[in-house]
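To keep things clear, I will list the structure first and then write my remarks on it.
Residue numbers (the working numbering), protein chains in the order written: chain W, 1 to 119; chain V, 1 to 168; chain F, 1 to 551.
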């Protein structure tokens with residue numbers, strides 16, 4: 001499963017693709033299980049050079065029945081910095097944020113380390 | 001014909017007719033004035049000059065400008081290549097052409113030449129430009145004249161801040 | 001504090017206007033992101049993970065209260081009420097919007113500040129001794145030379161597109177507080193036998209992927225020949241530095257490839273051709289020297305009865321005095337270090353409110369002078385001993401009175417994966433855990449000077465190579481791991497640390513530091529610092545203890 005992300009040109013905010021538009025919450029993002037559809041969206045996104053910067057696809061993993069970005073970097077982008085729990089997208093809280101905060105390990109890892117600290 | 005912007009003696013900028021044809025190493029030579037690579041100039045320069053044409057040399061960033069020293073009096077244009085915006089070697093080449101080798105002919109910037117570099121280029125002694133961003137002479141003048149003050153002495157002979165301050 | 005004249009003011013105003021136009025051209029699509037990126041970086045504007053980051057130049061770490069208040073204001077209005085002081089004595093805001101950046105630059109220009117050349121492949125903000133003008137150790141005021149270099153390097157027509165970034169540090173004291181030996185150029189002010197002022201010139205030091213302690217290429221360069229010599233170094237580098245591989249493009253690689261002797265010869269040859277025409281006239285140096293705000297010191301006794309009585313009455317003040325005060329060149333004054341390393345907080349961060357407090361204290365008690373250290377702390381360089389209790393009280397009320405300068409919880413950490421697009425692992429939470437492990441101030445004092453430096457990637461913004469204990473975050477199959485190095489130093493005894501052993505997972509790092517400290521306390525002899533003990537015993541006892549579990 002994949003999602004499409006970028007930073008918005010005007011303010012640098014992390015955004016996600018949702019049917020041709022950009023949304024701010026990972027929970028609202030389109031999830032692609034069809035690689036061709038994902039690449040088509042990426043191609044469309046790349047043509048929006050005055051809207052977003054460097055759109056790219058990210059890999060997702062399942063965690064407690066919800067999808068979370070696979071890499072640590074992408075989880076931090078979807079949440080905000082771990083040293084300021086009230087900064088960034090995590091500030092709004094809710095089910096998706098909680099799931100992201102508590103997603104265990106990265107799929108590529110052995111899952112030994114809970115990389116996002118519970119606060 | 002690509003746009004050529006030329007700096008006038010009064011530090012204004014205007015569009016100019018480019019009488020030169022830039023010729024690739026493997027291309028046949030057209031009649032008239034030409035700009036060739038340094039390699040080709042070394043091989044064919046004497047003959048080309050003997051034919052009575054004006055000859056320019058294109059210098060790549062890795063080529064040492066000093067290698068041109070002997071031929072400079074007969075070279076009409078030195079075209080400094082900026083293959084990438086971020087490659088700054090040609091600024092040093094321009095500076096040395098003007099300040100150390102005493103070259104008084106045309107020094108032209110070719111390649112990825114954007115108005116953002118215009119101020120730096122003029123200060124290093126470059127006086128003609130083939131912009132890659134569609135800039136007009138007005139854009140060029142605007143960019144070059146943007147800064148009312150400069151801190152260093154350079155090839156353009158602008159008065160640096162430390163001299164300006166002595167006057168004030 | 002150097003006072004801008006109209007030339008300096010118009011220079012930054014022009015630059016700010018230029019950037020406003022460039023932003024407009026990017027937003028309209030006239031400039032591609034690739035073209036714009038080079039331009040915004042030349043103005044310190046990066047795109048990081050969550051937003052744009054604006055790195056504001058604090059030349060040689062020097063600012064006054066008006067400027068500090070403006071930074072606080074920018075933090076409040078355009079960021080989230082805080083900023084991050086960096087290892088280049090600069091300030092970064094992490095939540096900046098592109099649309100606000102031109103307004104911010106205008107606001108900075110109004111108080112004689114800018115973000116010029118805080119990024120890009122150009123000559124970066126010059127760093128210097130945060131105790132300049134206050135310490136008795138210095139041979140000359142390095143700020144004068146720093147400011148002259150700031151001006152000379154600003155929008156330098158020939159050296160703004162170098163193979164890679166270029167960092168210069170200047171120190172005038174035997175004790176090096178600038179990490180001069182791990183800079184592209186380190187300048188150490190020296191006095192010749194005849195009393196003439198000059199520089200020892202070190203070229204090709206650096207951290208990052210290939211750390212080097214730089215070699216000296218000139219033992220004594222007469223001070224008035226500095227600028228032609230810098231021009232010669234930069235020209236040799238601009239022409240011959242590698243441009244084919246970003247990791248081999250720094251001057252250190254060129255110096256290492258040629259050998260210091262051959263590099264020095266090439267520089268000397270170029271220098272001879274430039275001649276004194278490339279130098280700054282003495283009159284301009286004198287003007288710059290005169291443009292620094294005058295300090296007015298009162299004749300005071302060396303010992304302050306007020307201060308001594310306050311210390312005797314308040315152990316917290318006494319502790320602060322032991323750890324955060326440094327001798328001043330004038331009797332009755334002190335240099336006060338303000339730690340931005342409160343236990344559990346983000347190293348180098350200050351809130352806008354805290355910045356305002358520092359500004360108030362500097363104005364009231366500190367001759368309106370504030371410095372930033374490369375170790376991410378602040379300094380009030382000129383405080384009367386009589387006023388130290390009041391300053392301490394003001395700091396205490398703002399959460400700024402941590403008495404831990406140079407101690408184990410005074411940790412350098414880069415923003416790491418919490419903010420930085422280049423990072424492989426987080427640095428801030430590791431620093432926080434270590435600081436919490438050593439939260440007991442008595443224990444921290446008993447351990448003594450111990451410099452821990454943490455970087456979230458090999459680019460080494462956190463200077464991990466020169467930490468007494470260095471910590472480098474790496475990504476191992478998506479997990480954060482940390483490599484420990486021991487024995488580094490960024491001071492006058494500069495050294496690159498040696499790897500301790502295999503990288504440790506995130507949750508083992510603070511425990512490993514604790515183990516290293518226990519080994520040191522066991523092994524140390526009379527008055528040795530951690531670094532001294534390590535240098536005497538070598539890595540073995542430390543390695544054995546940390547990896548004991550693995551055996």
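Ideal Cβ positions, reconstructed from N, Cα and C, are used throughout, including at glycine.
Go to residue i, then tell me how far its alpha helix (DSSP H) extends in each direction, as first and last residue.
i	result
residue 78/F	65-78
residue 194/F	Element bounds for residue 194/F: n/a, residue is neither H nor E.
residue 92/V	89-99
residue 274/F	260-274
residue 22/F	6-27
residue 15/W	Premise fails: residue 15/W lies in the beta strand (DSSP E), 14-18, not in any alpha helix (DSSP H).
residue 517/F	509-523
residue 390/F	388-397
residue 429/F	428-437
With 16 other CB atoms within 10 Å as the buried threshold, where does residue i fall?
i	result
residue 389/F	buried
residue 100/W	buried
residue 358/F	buried
residue 10/V	exposed
residue 275/F	exposed
residue 273/F	exposed
residue 109/W	The pLDDT assigned to residue 109/W is 39, lower than 50, so where the model puts this residue is not dependable, and the model offers no usable value.
residue 159/V	exposed
residue 423/F	buried
residue 178/F	buried
residue 175/F	exposed
residue 89/W	buried
residue 135/F	buried
residue 485/F	buried
residue 369/F	buried
residue 151/F	buried
residue 39/V	exposed
Can you tell me where the beta strand (DSSP E) with residue i in it begins and where it stops?
i	result
residue 59/W	52-63
residue 58/V	55-59
residue 14/V	13-15
residue 53/F	52-56
residue 475/F	469-476
residue 486/F	479-486
residue 108/V	106-111
residue 221/F	216-222
residue 455/F	452-455
residue 92/F	91-96
Which of the three DSSP states is assigned to residue i in this structure?
i	result
residue 7/W	strand
residue 39/V	helix
residue 131/F	coil
residue 382/F	strand
residue 289/F	helix
residue 47/W	coil
residue 119/V	helix
residue 411/F	coil
residue 6/V	strand
residue 21/W	strand
residue 504/F	strand
residue 163/V	helix
residue 86/F	coil
residue 42/F	helix
residue 111/F	coil
residue 69/W	strand
Mind reading off the beta-carbon distance from residue i to residue j? Whole number of angstroms is fine, and I expect it under 8 angstroms.
i	j	result
residue 337/F	residue 326/F	7 angstroms
residue 89/V	residue 239/F	6 angstroms
residue 149/V	residue 10/F	6 angstroms
residue 373/F	residue 61/F	7 angstroms
residue 87/F	residue 376/F	7 angstroms
residue 232/F	residue 200/F	Between residue 200/F and residue 232/F the Cβ distance is about 16 angstroms, and since that is not below 8 angstroms, they are no contact.
residue 41/W	residue 17/W	6 angstroms
Cβ of residue i within 6 angstroms of any heavy atom in the ligand HEM?
i	result
residue 333/F	Among the components of this structure there are no ligands whatsoever, and the ligand HEM is therefore not found.
Could you give the uninterrupted runs of the beta strand (DSSP E) lying entirely in the stretch 324-377 of chain F, keeping only those of 3 residues or more?
-> 325-327, 333-338, 349-351, 370-372, all fully within the stretch 324-377 of chain F.
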